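*Asks:* Offset between the sequence shown (1-based) and the working numbering: plus 262.
All C-beta atoms in this analysis are idealised placements derived from N, C-alpha and C, irrespective of residue type, glycine included.
Predicted model, so just to flag it, every value in this text is computed and none were measured.
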Amino acid sequence: MDFPTPSAYQEALQHPETAFADAALQRAEPRTGPLGLPRPVTGAFAAVFPMTTPEGTTVAAKCFLSDAPDQQNRYRAVADHLADADLPYTVGFDYQPEGVRVGGAAFPLLKMDWAEGAPLNRFAEKHRGAPATLDALAEAWADMLADLEAANVAHGDLQHGNVLVRETPEGRPALTLVDYDTAFVPALAGKQSAEVGHRNYQHPDRTEDDFGPHLDRFAGLAVYVALRALASRPGLWEKYDTGENLLFRAADFYDPGASPLFAELGALDVLQHEVSALRAACHRPPEDAPTLADVRSGTAPVEADPAPRRRERAVPREGVARWFAPALGGALVVAALGAAVGWGLAAGGGLLGAVAAAGVVALRAYRRQSVVRRRRRLHREAARFAERIENLRREQQTLQEQRFIGEARGVEGLSHKTVVRLKAANVRTAYEATPEALAGVRKLGEASTARLEAWRAALVERYADDMPEALSPAQKRRLKRRAERRLEQIDEEAARTRRKIEVQRAEREDAMARAEALPALSFARYLRYLLHFESSLPSPEETQTPAPPTPVPPAEAPPPEASPAETPPAGPRSNPERPDPDRPEASASEGEGAWYEQRA
């Protein structure tokens with residue numbers, strides 16, 4: 263079953279008393295735009311509606327645009343652990359499996375506390391000329407990471423949109439984490455990650471199999487380095503900001519040796535150790551990323567210089583690669599000795615068991631190889647971009663329907679050609695579909711005319727009790743202006759949706775190009791390597807990969823300072839057109855990870 267589009271949620275939430283199952287939300291009022299419609303903040307996987315209760319409390323209703331497996335159990339586990347941990351960086355939330363009704367069907371809802379603050383990148387941009395503030399923010403960041411580690415919690419998607427920053431009365435930065443979709447707590451051990459995080463912050467080899475207390479280490483180090491770098495050299499912002507990052511981009515992590523940013527940061531004396539540690543982490547498995555505390559204390563492994571660019575490299579045989587061949591050879595020798603002394607059946611069974619176990623071990627080790635992990639991550643990113651494109655197309659279809667039928671949501675039986683002819687005749691809404699106007703539409707058939715007249719008559723009857731007997735000329739002008747403004751808003755939203763589709767398509771093509779550029783590593787070849795028939799393996803970070811797509815300049819206005827806790831989007835979430843508080847029904851992020859865009 264398809265989930266509702268943002269516009270469908272917007273229509274349903276005009277009547278909170280029937281849309282919500284939660285008693286408090288039923289009595290709450292949605293934040294509205296100039297035309298009185300609920301004002302969502304939407305993105306790839308969620309639409310968030312700020313709601314104000316009669317008591318004056320602001321909460322956020324996060325409505326999902328697609329399904330997520332095991333969502334309820336994950337939220338329950340995270341909520342229980344966070345309640346026990348009592349960290350100052352988290353907010354309360356309540357997952358309701360049938361919390362909102364749209365079109366007669368019930369869908370899940372996340373009711374969230376409201377968190378005040380600016381997204382991390384906007385706060386950094388605002389204070390990039392204040393090194394003391396950025397240094398204080400970096401210290402607060404380090405303290406938060408240490409507290410999360412101590413509480414055995416990993417957020418799983420640390421990025422600018424999921425971190426809100428506010429200043430305390432004493433002038434110190436305070437951090438709030440939102441969006442716990444990918445959070446790890448001990449009760450979820452053994453599961454896969456729901457998402458793989460924002461590509462401009464995460465380790466390039468992270469896949470859904472990487473799910474544990476180490477999840478925040480790589481992104482945490484990258485953010486810390488970026489904050490310290492901005493404090494030391496504010497000009498980096500103009501050079502590397504895209505609106506969807508904090509200096510670093512995915513390409514920097516894929517190949518740090520070819521990254522201009524890494525080269526520039528490596529020249530900063532105050533950050534040489536941290537930059538070297540981050541570069542080294544790019545070349546190691548995600549689970550081996552050091553904690554920020556170890557990096558700051560000087561105990562983390564570092565890499566002084568980028569590795570030389572070669573197509574393949576001899577890999578030191580460690581772990582499975584070291585003992586696989588001897589262990590398998592030993593099993594064969596034992597089986598042969600058993601057969602020689604007359605234990606043929608037992609020896610054969612033992613040999614089959616040993617070979618099967620060796621195959622399982624080899625397959626698991628193969629899946630942990632950097633080339634394999636990176637290709638899986640890129641394919642997962644491409645699939646997510648395709649899913650977002652499909653969601654955006656559904657929203658585009660909804661807007662196209664609203665473009666011609668206003669808020670009534672549809673005249674059945676009209677062909678596309680008929681709709682085009684209506685548009686050409688400036689007949690877009692029921693208000694404009696008068697008998698005189700329909701008579702002037704070129705090649706409008708009798709059946710289509712009858713449908714439109716019946717539709718208009720039904721609307722007139724439906725709203726007859728709400729309308730006065732007659733409208734004054736001034737009222738007619740106001741009504742016409744309101745209809746025209748609504749049409750303009752639908753057109754603007756449709757244009758934004760088209761732009762988002764293009765951005766997501768470019769990101770998907772980039773992910774696929776990177777995956778195709780990776781060297782091949784089949785399981786058969788890896789098995790030959792384990793058996794010492796091959797001496798080297800392909801190295802992903804030494805492979806020339808396409809440059810990422812050119813960033814699209816972000817919109818003029820930043821997101822609002824007050825942000826709904828726990829909300830995004832985006833994931834892996836590309837430069838967003840940020841919500842403009844002054845634009846009616848502002849919505850939508852094209853990126854993968856802002857608070858207004860995250861998946862739930």
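Report buried or exposed for G391, applying the criterion of at least 16 other Cβ atoms within 10 angstroms of its Cβ.
*Replies:* That one is exposed.
*Asks:* I'd like to know whether the C-beta atoms of V353 and T430 end up nearer to each other than 8 Å.
*Replies:* Contact: no.
*Asks:* Tell me S494's beta-bridge partners as DSSP assigns them.
*Replies:* Looking at the DSSP assignment, S494 forms no beta bridge with any residue, so it has no partner.
*Asks:* Which runs of the alpha helix (DSSP H) fall wholly inside the stretch 282-313 and span at least 4 residues, in chain order?
*Replies:* Taking only runs of at least 4 residues, the alpha helix (DSSP H) segments lying wholly in the stretch 282-313 are 285-288.
*Asks:* Drop a sphere of 10 angstroms on the beta-carbon of L625, count the other beta-carbons inside from all chains shown, and report buried for 16 or more, exposed for fewer.
*Replies:* The residue in question, L625, is exposed, as its Cβ has fewer than 16 Cβ neighbours within 10 Å.
*Asks:* Hey, is the stretch 615-629 in contact with the stretch 747-764, meaning 3+ C-beta pairs nearer than 8 Å?
*Replies:* Flag = no, the stretch 615-629 and the stretch 747-764 do not touch.
*Asks:* Tell me which residues share the same chain as A413 and place their Cβ nearer than 7 Å to its Cβ, disregarding the 5 neighbours each side in the sequence.
*Replies:* If we look at A413 and ignore the five residues flanking it on each side, its Cβ neighbours are A347, L349.
*Asks:* With DSSP run on the structure shown, which of helix, strand or coil describes R546?
*Replies:* In this structure, R546 counts as coil in the three-state DSSP scheme.
*Asks:* I think L533 touches V487, with their Cβ atoms under 8 Å apart; what is that distance to the nearest whole Å?
*Replies:* Their Cβ separation, rounded to whole angstroms, is 6 Å, which keeps L533 and V487 in contact under 8 Å.
*Asks:* Under the DSSP definition of a beta bridge, which residues are partnered with P381?
*Replies:* Looking at the DSSP assignment, P381 forms a beta bridge with L426.
*Asks:* I'd like to know whether the C-beta atoms of F446 and G418 end up nearer to each other than 8 Å.
*Replies:* Contact flag set, yes.
*Asks:* Return the chain-ordered list of same chain residues with a C-beta closer than 6 Å to the C-beta of P292, the five sequence neighbours on each side being excluded.
*Replies:* Excluding positions up to five away in sequence, the list reads L275, P300, F311, M313.
*Asks:* In angstroms, rounded to a whole number, what distance separates the CA positions of T469 and R558?
*Replies:* Approximately 27 Å, taken between the alpha carbons.
*Asks:* Skipping 5 residues on each side, what residues in its chain have a beta carbon closer than 7 Å to that of P846?
*Replies:* Here P846 scores only 35 on pLDDT, less than 50, and its place in the model should not be relied on; the value that follows carries that caveat. G295, P296, L297, Q751, listed in sequence order.
*Asks:* Tell me the rounded alpha-carbon separation between D356 and G707.
*Replies:* Straight-line Cα distance between these residues: approximately 52 Å.
*Asks:* Tell me, please, whether the stretch 374-382 touches the stretch 469-481 by the rule of three or more beta-carbon pairs shorter than 8 Å.
*Replies:* Cβ pair count under 8 Å is below three, so no.
*Asks:* Enumerate in chain order the residues of its own chain whose CB-to-CB distance from P448 is below 6 Å, with the five nearest sequence positions on each side excluded.
*Replies:* Correct list, in chain order: N414.
*Asks:* If we count Cβ pairs, one from each stretch, closer than 8 Å, do we get three or more for the stretch 490-502 versus the stretch 459-473?
*Replies:* Result no; under three Cβ-Cβ pairs closer than 8 Å.
*Asks:* Who are Y337's beta bridge partners in DSSP?
*Replies:* Answer is none; Y337 lacks a bridge partner.
*Asks:* For Q358 and Q333, I'd like the C-alpha separation in whole angstroms.
*Replies:* Approximately 10 Å between the Cα atoms of the pair.
*Asks:* In chain order, what residues of the same chain have a beta carbon less than 7 Å from the beta carbon of A562, not counting five sequence neighbours either side?
*Replies:* Result list for A562: A539, P552, D556, in chain order.
*Asks:* Out of curiosity, what's the CA-to-CA distance linking A543 and D550?
*Replies:* C-alpha separation (whole angstroms): 7 Å.
*Asks:* Does the count of Cβ pairs from the stretch 496-515 and the stretch 675-689 closer than 8 Å reach three?
*Replies:* Contact between the stretch 496-515 and the stretch 675-689 is absent, because fewer than three Cβ pairs lie under 8 Å.
*Asks:* From R656, T711, V582, A645, pick the residue whose C-alpha is nearest to that of T680; which is it?
*Replies:* Answer by Cα proximity: T711.
*Asks:* With DSSP collapsed to three states, give me the class of L371.
*Replies:* Residue state, collapsed to three classes: strand.
*Asks:* Let me know if N462 comes out buried or exposed under the rule of 16 or more other beta-carbons within 10 Å of its beta-carbon.
*Replies:* Label assigned to N462: buried.
*Asks:* Measuring CB to CB, does R289 end up less than 8 Å from T319?
*Replies:* No, the pair does not count as a contact, with Cβ atoms beyond the cut-off.
*Asks:* In the DSSP assignment, what are the bridge partners of P435?
*Replies:* Answer is E429.
*Asks:* Roughly how many whole angstroms lie between the Cα atoms of A394 and A402?
*Replies:* Their Cα atoms are separated by approximately 12 Å.
*Asks:* Quick one: measure Cβ to Cβ for V623 and V582, integer angstroms, because I've assumed they're closer than 8 Å.
*Replies:* Their Cβ separation, rounded to whole angstroms, is 6 Å, which keeps V623 and V582 in contact under 8 Å.
*Asks:* Give the DSSP-derived three-state secondary structure of Y357 in the structure shown.
*Replies:* DSSP places Y357 in strand when its eight states are reduced to three.
*Asks:* From the DSSP output, in three-state form, read off S538 for me.
*Replies:* Three-state result, S538: helix.
*Asks:* Given a threshold of 16 other Cβ atoms within 10 Å of its Cβ, counted over all protein chains shown, does H277 qualify as buried or as exposed?
*Replies:* H277 is exposed by the Cβ-count criterion.
*Asks:* For A587, which residues of its own chain have a beta-carbon under 8 Å away from its beta-carbon, when the five flanking residues on both sides are left out?
*Replies:* The residues are L792, L793, H794.
*Asks:* Compute the Euclidean distance between the alpha carbons of L599 and R638, then round it to the nearest angstrom.
*Replies:* Their backbone Cα atoms lie some 42 Å apart in a straight line.
*Asks:* According to DSSP, K324 sits in a beta bridge with which residue or residues?
*Replies:* Answer by DSSP bridge pairing, in chain order: V310, L372.
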